[in-house]
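At position 124 of the sequence shown (counting the first as 1) the number is 222 in the numbering used here, and the numbers step up by one without a gap.
Below is one structure, written out as structure tokens; comments come after it.
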Amino acid sequence: MKNKILYNLSLSIIACAVLAGCGSDDKDEVPTVSVASAVSLKESRTTTIAATADDDDDTITYSWTQLSGPTLTLTNTTTATVGVTAPAVSADAAAVLRITVTDKGNQTASADVTVNVANNQFPTVTATFGSAAEKSSVSLAATAADADGSVTTYNWVQTSGDPVTLTGADTATLSFTAPSVTEDTPLGFSLTVTDDDEEATLVEGVVTITPVKTSFTVTGTVSEAAFANATIRGVLAGQTFTATADATGAFSLPMQADDDETNLFADIRASSVTTTGLQYYKFVPSLTADATQAVAGSLTTRLSSAVAALFDVRPMAEGDSPNTVSINAVSTALYSLIVAANGGTAPTNLDSFTLVEKSVSPDELIEAAAVVKLITQGGVFALPEGVTNVLELLTNTQAYNDYVAAAEAQDPNIITDTIDEIIADPELTPPVDATSLASAYFEIYPAATGFLSRGGNKFNFNSDGTGSEVFNSGIHQFEWTLTEGKVDITYSGETSTTYFPTVVVGLFGLTQEQVNQLYDARYFQVEAKQTPLTASLTRIIQGEKTDTYRVVETGTRAMVPVTLPGGVVIAPDPVSYESTEDQLLRNADKLGDVKFVAEDLDGEWLFEHYYYAGEEGFGYSDMFADIFDINPDGTGVALENDKPFTWELDDKGLFVVTFEDGSYSEIMKLDQLGTDIQVFSASYDAEGTLIAADADYALKLDGSDFSSFDQSNPEDMYWQTTINQWIKSAWDEDTLLWDDGFAYFGWQFLEDGTGYQMGSSMTSPPDFEPVFNTSLSWDEEVISEDESIMSINRRMCPDDQTQVCTQRQWRLLKSTDGILGSRIYVFEVQDQRFDSTSPWYITTGIGPRLNIYEEITFDYWNETAITEEVAVSGLAKGISFTSSKKSIARTVLEPNQKPQLGL
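Here's what the structure looks like:
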């Protein structure tokens, strides 16, 4: 190949030489160049433009230059192919380039090319936002395109509203779970879509999160013709709903609440459209969701099912109406007493309702229902002038008392007669059936604000028709049946309760002569036995945790024969009795979460159980208070007699304590108020025979001790006992009533170690002045590092005035704020002896027990005394009234509530 090239080259040289030698006259030709007339280039992009040139001697040079337009970046400008980079432009533009070629003879040729620079087009984006239901899965899908390029990135951002967790925030589809809301709630979002030129389009929008509502339909009837076409108003979760009853008083009230709402407590009110101020009321403690509206698994559905189970209400099935209520005189009376017990305001949730439900006096309830019936009757029994509505009258004690007095003056025994009508009306007193009768009931009594109920028996209803009534010292066995909606009980008649009535003429048929004989022998009380034979229970109110029954009991009462000096025996024949009592019964099947928990029991507790207190032969056995030192390992010690025990809890929270001798106690929590607990305690011997039972307080010691607590009083103050003032009738709201002086008892401890037993007065409020006629001394004794005992020396020995012969001892269990002032809980017991040389023995009735005291001023009684006399007005035009400015007790008229002779 090399030789061939050399050969060709030689020929060319020879040829040129020949031609030159010939003297040729050919001219140099002008070069030519061509290029595309126009090219398109997107801003910020790079391309190449190639020119085609021709010259006769093939020796040319290239030169690219820009003539106009936005400045382009050029490379390889001396070659046939130039590199071109377009600048960023804000609009389409054109630039002109020129290619110039020059030949060897310096001859040139040019051509122009237009570079059309295209402005980048932003991506187009569309997205739909709209609305979504709370707690649902939400997807926001965007559609994006770029006409002159490609989409490179997506970026979703939440711009407002409750934060949610975003999924797919860098994709075309964003996902999140809608938050739980109670009202329409906007959530703001933005989407930024970026193209391959790093230019972006932003879209923004709002997703409205809508609450999910659960529907509840309350149906029922307002008994009484006065409520034809009545206006029905219901309040649920702070929202008010209305409906109109038909001509028979029947109504259907649709209501709604958020599906997360846990407070399904409803307040229903019916207003007569014909009688101003005539209103009936009803609390519905928990509603059940309509079947077609209930969301499976929603909190509201789960809650209403749980509450339905707790309160023996079936969850709604298709076609059922579980929220069927009767609004009547009894429901109105209960409503008013609940409002009064709740400080004058209607409770707005189940907890506050059940807290005060147990404070309702059944006596007041049934009589208030009678008053409502009379008001509805109208005429001379219509609402008094100046009273706006039924609730105002029922919650104003003085106005209520005036009304009752005036009604009785107009028609004697009208209250009692109306009560009998109510008891006999099955629409007003709901019949008992097998599904609504509790397996066990605990008797409770209306407690004042800040206190728990004390005392009461337990009724057991077995499914086989047998049952028992457990009382403080034994068990009455019985058989029971359901008859026309009533519980009929037949007792075995084998057991009796013991009581000690005061000796009076007529007691068991005692004559004046017999009474005189008993008095002469120093018998002012006698022992008596009461043996129940039958009982009939009519339910007045089916409450949420507490039912109200009217109990009619028959049986016999017999005086234990007394042999007088001289051999005379007084043994009157037994007498038959029939008693009627309106009784609160706590439903044992509805105690729910009111139960002991193992973790809470660790530490020192005060409980009652049956044991012997005092030295052998100088004490006695009873249901006494004791301090249990409870260990978490299932062991403990009852400190009064240093008795070890083991303990366990069953699945219902029953606390079982077993002592080393095999005897045991079962303690069931019934109620709780703060750290105060009401329990039913039953003590059994080693064979399982019940010895004694009682319902009373229990509490966990809070570490208070007299070593760090100052119990001394200023001269104008004293410690007023309140352990026996727990009952509602002892108070008017938060005012302790004087009760003819029976409430007044306590202790004054002066700083110098002296003091007085308080309980005597020469005058009554508002002119009360204390009498300091029972002096005492007091001191403290350190028992251990964390325990001090206070001794109240009440009586000195008759043979040695330097020695104490009656002494009450206190151990401080707990201190807190009370209703009247500072409150202390003390473990107390009283010992006494005849003289300085005789042995100590436990004072009967003051064995180990709990007492509660509050520190008040002596002036308290005068400051709270009733000072305004109120006259009863006539019934010429309804019943008028005047309000008292001071505390006053509610009138209760029913004669069957009066105590039996001698008590």
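C-beta atoms are modelled at their ideal positions from N, C-alpha and C, and glycine is treated no differently.
This structure is a prediction, so every number in the text was calculated from the model and none was measured.
Status (buried if at least 16 other CB within 10 Å, exposed otherwise) for residue i
i, result
"Thr443", "exposed"
"Leu401", "Because Leu401 sits at a pLDDT of 38, beneath the cut-off of 50, its placement in the model cannot be relied upon, and the following sentence gives the value as read from the coordinates. So Leu401 ends up on the buried side."
"Ala345", "exposed"
"Pro659", "exposed"
"Thr226", "exposed"
"Asn41", "No statement about residue 41 is possible, as the shown extent of the chain runs from 99 to 1001 and does not include it."
"Arg620", "exposed"
"Pro383", "buried"
"Ser779", "buried"
"Ser674", "exposed"
"Arg367", "buried"
"Arg988", "buried"
"Glu582", "exposed"
"Pro524", "exposed"
"Asp418", "Its pLDDT being 45, under 50, Asp418 is placed unreliably by the model, and the measurement read from it follows with that caveat. So Asp418 ends up on the exposed side."
Supposed contact pair residue j and residue i - C-beta distance, whole angstroms, cut 8 Å
i, j, result
"Phe559", "Leu535", "6 Å"
"Trp959", "Trp836", "6 Å"
"Met721", "Tyr708", "5 Å"
"Ser313", "Ala387", "7 Å"
"Gln823", "Ala796", "Not really, about 19 Å apart at Cβ, beyond 8 Å."
"Leu580", "Val530", "6 Å"
"Gln623", "Thr600", "6 Å"
"Val262", "Asn421", "Actually they are not in contact, since the Cβ atoms of Val262 and Asn421 sit about 35 Å apart, beyond 8 Å."
"Phe540", "Leu683", "7 Å"
"Pro946", "Val927", "5 Å"
Distance CB(residue i)-CB(residue j) smaller than 7 Å
i, j, result
"Lys556", "Trp703", "no"
"Ser132", "Ala209", "yes"
"Ala136", "Ala178", "no"
"Ala427", "Lys380", "no"
"Arg909", "Ile887", "yes"
"Val236", "Thr212", "no"
"Ala642", "Thr452", "A small correction: the amino acid at residue 642 is Glu; Ala does not occupy that position in the sequence shown. The answer is yes: Cβ separation under 7 Å."
"Asp680", "Pro460", "yes"
"Gln628", "Arg655", "yes"
"Ser634", "Lys584", "yes"
"Ser913", "Phe807", "yes"
"Gly318", "Ser424", "yes"
"Ser862", "Val869", "no"
Backbone secondary structure at residue i - three-state DSSP
i, result
"Asn1023", "Summary: the structure shown does not reach residue 1023, with the chain confined to residues 99 through 1001, and so no result is reported for it."
"Phe451", "helix"
"Phe220", "coil"
"Ala225", "strand"
"Tyr539", "strand"
"Ile917", "coil"
"Pro460", "helix"
"Asp671", "coil"
"Arg988", "coil"
"Leu401", "Low local confidence applies: a pLDDT of 38 at Leu401 is under 50, so the model's placement there is unreliable, with the coordinate-based value given in what follows. Helix, per DSSP."
"Phe807", "coil"
"Phe409", "Interpretation of Phe409 is limited by its pLDDT of 35, a score under 50 that renders its predicted location unreliable; the figure taken from the coordinates is listed afterwards. Three-state DSSP puts Phe409 in coil, outside helix and strand."
"Gly717", "coil"
"Leu272", "strand"
"Thr493", "helix"
"Leu435", "helix"
"Cys120", "Residue confidence for Cys120 is low, a pLDDT of 42 falling below 50, so the modelled location carries little weight and cannot support an answer."
"Gly417", "Annotation note: pLDDT 46 at Gly417 (below 50); position unreliable, coordinate value reported separately. Three-state DSSP puts Gly417 in coil, outside helix and strand."
"Ala392", "Confidence at Ala392 is low in this model, with a pLDDT of 45, below 50, so the placement of that residue should be treated as unreliable; the coordinate-derived value is given next. Here Ala392 sits in coil by DSSP."
"Ala780", "strand"
"Glu651", "strand"
Query raised in the report: If you pair each beta-carbon of the segment 532 to 548 with each one of the segment 780 to 787, do three or more pairs fall below 8 Å?
Result: No, the segment 532 to 548 does not touch the segment 780 to 787.
Report task. Inspect the CB distances between the segment 606 to 623 and the segment 485 to 501 and report whether three or more fall short of 8 Å. Result -> Verdict: no, contact absent.
Requested in this report: Taking 8 Å as the threshold, find out whether the segment 683 to 701 comes into contact with the segment 739 to 753 through three or more Cβ pairs.
Outcome: Because the criterion of three Cβ pairs below 8 Å is met, the segment 683 to 701 and the segment 739 to 753 touch.
Query raised in the report: Does the pairing of the segment 211 to 225 with the segment 181 to 197 give three or more beta-carbon distances under 8 Å?
Result: Yes: at least three Cβ pairs fall under 8 Å.
Requested in this report: Answer yes if the segment 237 to 254 comes into contact with the segment 282 to 294, meaning at least three C-beta pairs across the two stretches below 8 Å, and no otherwise.
Outcome: Enough Cβ pairs lie closer than 8 Å, so yes.
Query raised in the report: Would you say the segment 947 to 961 touches the segment 911 to 921, given that touching needs at least three Cβ pairs under 8 Å?
Result: Below 8 Å, enough C-beta pairs join the segment 947 to 961 and the segment 911 to 921 to call them touching: three or more.
Requested in this report: Decide if the segment 562 to 579 is in contact with the segment 811 to 822; the criterion is three or more beta carbon pairs, one per stretch, under 8 Å apart.
Outcome: The segment 562 to 579, when compared against the segment 811 to 822, does not touch it at the 8 Å Cβ threshold.
Requested in this report: Would you be able to state if there are at least three C-beta pairs under 8 Å between the segment 323 to 337 and the segment 358 to 374?
Outcome: As far as the Cβ criterion goes, the segment 358 to 374 touches the segment 323 to 337, which means the pair count is three or higher.
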